[in-house]
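Here's the structure, in structure tokens; my notes come after.
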Amino acid sequence: MGRVSVEGVAKAYGPKQVLRDLSLAVEDGECFTLLGPSGCGKTVLLRLVAGFETPDAGEIRIGDRLVSGRGTHVPPEARNLGVVFQDYAVWPHLTVRANTAYPLKFRADAAPQRATAVQGVLDQVGLGALGERYPSQLSGGQQQRVALARALVAHPDVLLLDEPLSNLDANLREEMRFEIKDLQRHHGATILYVTHDQEVALALSDRIGILGPSGCLRQVGTPREVYDQPVDLEVFRFMGVSSFVDLAFDGERAQVAGTQLGIRPEGPRPAGSSLLGGFRPLEAELVSEGGVPGIVRRVALLGAVVDFRVEVGGREVRIQQETSEVMRGLGLPVEGQPCGVRFHHLRTFPATALGGEA
Amino acid sequence: MGQRRFGTAEILLLLSILILVVVVAIPILLIFWNAFVVEGKPDFLRALALLKEPDTFEALKNSLVIAGGTTVLSTIIGVFFAWLVSRTDLPYKATMKVLFLVPFMLPSFIGALAWKILLSPRGGHINRLLMDLFHLEDPVFNIMSLGGIIAVETMYLFPFVFIQVSGALERMDPTLEEAARISGAGLFTITRRITLPLMMPSILAGALLVALYSLAHFGVPAILGTERNIFIIPTKIYEKIYASGGNFEAIRTGTMLSSILVLAAAAILYIQSLVLSSGRFQVISGKSMRPMVLKLRGLKWPLLILSVLYIAITVVLPTATIFLVGTLKTYGLAFRLENMTLDNFTYILFKWELTRDAIWNSFYLSLSAAAVTMLIGTLISYVLVKTKIRGKFLLEFLGVLPFSVPGTVIALGVILMWSGRFGINLYNTAWIIFVAYIARYMAFALKSTSAALEQVHDSLEEAARACGATKWQAMRDVVLPLIKPGMVAAFFLIFLPALRELTTSVLLYGPHTRTIGVAIYTLNEDGETVYAAALAAIALVIIMAGQLLIKRVTRAKIESA
Amino acid sequence: MATVTLSHVTKRFGGVTAVRDLDLEIQDGECFSMLGPSGCGKTTTLRMLAGFEDLDEGEIRVGDRVFSNSSKRYYLPPEKRDFGMVFQAFAVWPHLDIFDNVAFPLQIKGLSRAEIQTRTRRALEDTGLLKVQHAYPGELSGGEKQRIALARAIAINPQVMLLDEPLSNLDPKLREEMRFEIKDLQRRLGFTIVFVTHDQAEAMAISDRMMVMRDGVLQQVGSPIEIYERPSSRFVFSFIGLSNFLPVETREGATFVQGAPEAGPLAVVRPKGLPDAAWTLACRPTHIDLQAEGGLRGTVARRVYLGDLVEYRIRVGPHELRIQKGARHEVFQEGAPVGLTFRHYLGYPEG
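Protein chains in written order, with my numbering: chain A, 1 to 358; chain B, 1 to 561; chain C, 1 to 351.
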């Protein structure tokens, strides 16, 4: 009943084709994140599902019901959804309680039941004592909780969240991440979550769909799948800080800058083509002896980790190491000093994929 | 895009366009038509010939001199005081800032009346006092001159510049000035090379507003100039229409002068939009910090005294004069207690039909015009801000019109439209003033309600839809409550100026439809100076009470939000 | 010599003491950061240094020259201090083009046209702005605007450069890049940097030395690594990175978690110099190891996948600890029992 399926949806604004032939399905009770850079059309898809926009082509179903397409357009108020907006959209002229109670106005429930339901959901989001406050008397995080409570109070089949955390500071964002997860477990709603923040997506989702800048779906999978087994170099880069080295293969064994590696890079290896090895900052380390020769270009202590920019085989790569390890090992290297780099993990990509950038 | 039915949005758009066309567009078109079309053919030569006539040419010249002089003087005074209250350590800055805004609330034609009483060459009290004191043959001041008109207009219009510039100075990122200081520049250099250039758009915006108003103002030049044969365009139009008993030629001359006013106003507004849209001057910062303050040191108290004196002379003195003269038993008597009486006020308020009617007329006309204009303005703003339909550009264009049409022009336009030419004759009824007020104050309503609607982000309405509300329920539960403060503000923004309106109603009043402004003006014309002053005093009291009420209402709104 | 010395500097705003009795010496040519939460007094200190604020007590000297002295009521005005300064909101003048923005301080100095030309060009070159020198600030991005501000500040060859949160209006990527550029400029031109920020990572990355302030009071001065490894107080520890604080008690050589004796003893040594048997163990999330058997016993309350890292919240009695492990590490399920060992930790007095 809470399944959302989108089939062959297209949407254009004037001459700009935002979405083309997009299909995806969010399973009942799942937390599905649509992740993509700004302007990729992810918010448009959410608005299409909500019914604020009508698709130019394709069909959208919620549960078994066709809500958009084939000449049907069920208006937003009849889709049984909860929506949380980036700017919270809590009504400033109503109290927290009145904001939260609003969706129940359109239900047949009797008044006493309504009051209990409202108090219940306010307690859940930790606003039980603030029901009589006005939104202007609340912090950003609390306003976002009001929006969540309002979206959940009528037990919607599907909860749509449009970058709800991007206006909050880092600490609050982390806390709200947990709360959303808890609320979902409690209510069992299907969540379609839209964001450009890969960290939130990784932390929160059961599955992630990555939307490319041109409005087509690049990869769908669990957080671990999209992070560890990206379908291409662009997804790899989008999911986090990434560096690349040129790989040369001598039969089975891989070389970087003329040095044999102790590991076997993962990924496809078509014969005859030049390949890149991609890695994350924590997947390599500086060593005092051995390793691939490099030169330390920059050293920046960031707290828990030290961030190195190292030149390896003509490319600048980024390596991070735990501060305590560095201090108890080599000590902080000087910029310009030669060093060795040991790779723990590399993924292969065709070298052409990187384009002109180094 | 899917195919679209002819829905509610389209009906609202058409309705809005229809209202603006009938109330604003057709009257203006009629003015141009009458001015430049003779017997069905366009005829611009006659317009040129008219401009060459000595008395119209003189009026044009005076208009330019007065508008120019007032603008320059207001800009200098406005910038100086704005700088004084926002960039120096002048004592009692906050209070002074409020005081400099007081002239804004007072009707300038009442001020003109007071100054005429004080400084007219023959009978002016101050002139007589000075002549007696120094045994002079001739009066020292002559307020009934071009210079006098400029001086009085400046007293009431300089707050336009003051508000713009002091607001901009306060919003300006103080680090812009600090960066210059750390670069080695002293305060004088910073003011000249950084602060003033950055303020230029605000200064210009304020100055253009002053120009626009002084060009279209009727009251001050009518009271101080007409007697001395000093005419500007609005007073010339009035004279033409009245002196010639409404004959066709006179109306044609009036329409031509009106056309010039409309074009001048449009040009001023166009320049203003150019100035404001030049994006190089984004100097507002989010971080609020105390700006650099110039230490006045020894000049601190002299400058405060100068400011207080300025307020005393331009606000307190004329207001006191009005109240005092209003109590005299006969004009010309000395201000002694035995010559004073409160009977004038009771007579005006309760006994004399002419003044009693005028107060009543002003009251219900402003009330109904404010309410109706506010509602229509909300409707039009809603279509402009919240809907996405084709044909909106037409409404956008029509929506700009009310901003650029001076009051005199509106009056003439409604005369042409509603004197039976199209089957409806409202002439000499209150209805014609009502229709004119709607046209005249539409701009205020549009400004305030569209600002309120822009604050209501689409997601607030969409959130209600997602909660299960239909479009109408969302409008009733979310949009309307949120724009209510904007609507209330629009109401008062119209109600208060309409209460003291003169420029438009002076051309439209009939035997029983005088407004307060018209009554004061005609009493003065008829030499009933004491009654004119007494009625003016009552008007001032009503206006001040209204201002206090506004403050109360808006403050209560802010607190409850 | 441009050693900046603050002695006993105090500043009050109304009843609030913004900076209290601050003693500080910033060495010639170093990059010194002032770090602290908002309202800690770091910006006020910088503004006193710049001359925008007077002092209530104390003295500021640069080299052996007195710049501010409260008892003599002597304040060298900002325009005479010959500092370069960069502001958070860029503060570039929108009515002047890039060249004129940068040339402004030189024009004020009354240099010759030729001199202004060459020095402005050099500053523009140093900041990579030569190509856009005739554009207006309104046409440029935030990063470019901050480069204009930098160019303007270095144009007069200042000995001391004051930077007031110069990077916080930029996006993270640009922030990193600009950090390097500022460092490079300093290396080439040799000025002293005083850098104000609330971002601990930024402060540690850019500074030779830094200080941490709180409520107007200096907490600690030292190199970034000193401060990270040996925070002088619980506050500095928590401000400088992610942290866990666990109240523990050591009796007869064995240490237990307060309120959770059943979790077993911790294999830690109580640091010397703590007054009571009860103390607070402070530990970074990356400095705790997880194992199935042994160690301090706890339960996995949450597990969050962060890509490179997996973050656990481990419940130990009434306390919750935050632990980060590499994603390739052994994975523990939510609800599973788990053992903790502390690799690096510090101790602070309780409370």
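Glycine included, each C-beta is placed from N, C-alpha and C at the ideal position.
The structure presented is a predicted model; accordingly, all values stated were derived computationally and were not measured.
Look at the stretch 142-159 of chain A: the residues with a C-beta under 8 Å from a C-beta of chain B are A147, R150, A151 and A154. Neighbours of F236(A) across chain B, judged by C-beta separation under 7 Å, do not exist; the nearest C-beta is about 34 Å away. Annotated three-state conformation of T352(A) is helix, per DSSP. By the Cβ rule, the stretch 125-136 of chain A does not count as touching the stretch 67-77 of chain A, because fewer than three pairs are nearer than 8 Å. Those residues of the stretch 163-188 of chain A placed with their C-beta closer than 8 Å to a C-beta in chain C are R177 and F178, ordered along the chain. Distance check between H187(A) and each of V245(A), A154(A), V4(A) and G126(A) places A154(A) closest, using alpha-carbon atoms only.
The straight-line gap separating the alpha-carbon atoms of G351(C) and V293(B) is approximately 45 Å. Closest option to M327(A), judged by alpha-carbon separation, among R224(A), V305(A) and C339(A): V305(A). For A351(A), there are no C-beta contacts with chain B under 7 Å, since the nearest C-beta of that chain is about 44 Å from it. Under the Cβ criterion (8 Å, minimum of three pairs), the stretch 278-289 of chain A counts as touching the stretch 243-261 of chain A.
Exclusion of the five residues before and after A89(C) leaves N169 as the residues of its chain whose Cβ lies within less than 7 Å of its Cβ.
At a cut-off of 8 Å between beta carbons, T189(B) contacts chain C. Residue pairing of D164(C) in beta bridges, as defined by DSSP: V196(C).
Between P139(B) and A265(B) the beta-carbon gap is near 36 Å, outside 8 Å, which marks them as no contact. For L332(A), the residues of chain C that pass the 9 Å Cβ criterion are I225, in the order they occur in the chain.
Listed in chain order, the positions of the stretch 231-248 of chain C with a beta carbon within less than 8 Å of a beta carbon of chain A are I240, G241 and L242. Within the same chain, Cβ atoms closer than 7 Å to the Cβ of E10(B) are found at I389, the five residues on either side in sequence being excluded. In the DSSP annotation of this structure, the continuous segment of the beta strand (DSSP E) that includes F244(A) starts and ends at S243 to D250.
Going by DSSP, M213(C) is part of the beta strand (DSSP E) stretching over R209 to R214.
Chain B places no beta carbon closer than 8 Å to that of P318(C), leaving this residue out of the contacts. Near chain C, meaning a CB-to-CB distance below 9 Å, no residue of the stretch 6-36 of chain A qualifies. Residues of chain C with a Cβ closer than 8 Å to the Cβ of E199(A) are, in chain order, L306 and G307. Sequence-distant partners of V92(C) (beyond 5 residues in either direction) whose C-beta falls short of 7 Å from its own C-beta, in its chain, are N101, P137, K145, I148 and A149.
Rounded to whole angstroms, the gap between the alpha carbons of F363(B) and A18(C) is 56 Å. In summary, L129(B) is exposed, with fewer than 16 beta-carbon neighbours lying within 10 Å of its beta-carbon over all protein chains present.
At a C-beta separation below 7 Å, E77(A) has these neighbours in chain B: R465, G468, A469 and T470.
As a beta-bridge residue in DSSP terms, D162(A) pairs with V194(A). With respect to the C-alpha of I538(B), the residue from I149(B), V478(B) and T355(B) having the closest C-alpha is T355(B). Among the residues facing chain B, R152(C) is included, as its CB has a counterpart in that chain under 8 Å away.
Look at A267(C) here: in three-state DSSP terms it is coil, with no helix or strand label.
For the options L496(B), S16(B), V21(B) and L51(B), the alpha carbon positioned closest to that of T253(B) is the one of L51(B).
By the neighbour-count criterion, in which 16 or more other beta carbons inside 10 Å mark a residue as buried, I305(B) falls on the exposed side. Per DSSP, the unbroken beta strand (DSSP E) holding R318(A) starts and ends at R315 to E322. Residue-level contact by beta carbon fails for R114(A) and chain C, as no gap is shorter than 8 Å. Contact between the stretch 161-173 of chain B and the stretch 225-244 of chain B is absent: fewer than three C-beta pairs spanning the two stretches fall below 8 Å.
Proximity of chain A to E229(C) at the Cβ level (cut-off 9 Å) is accounted for by T323, S324 and M327, in chain order.
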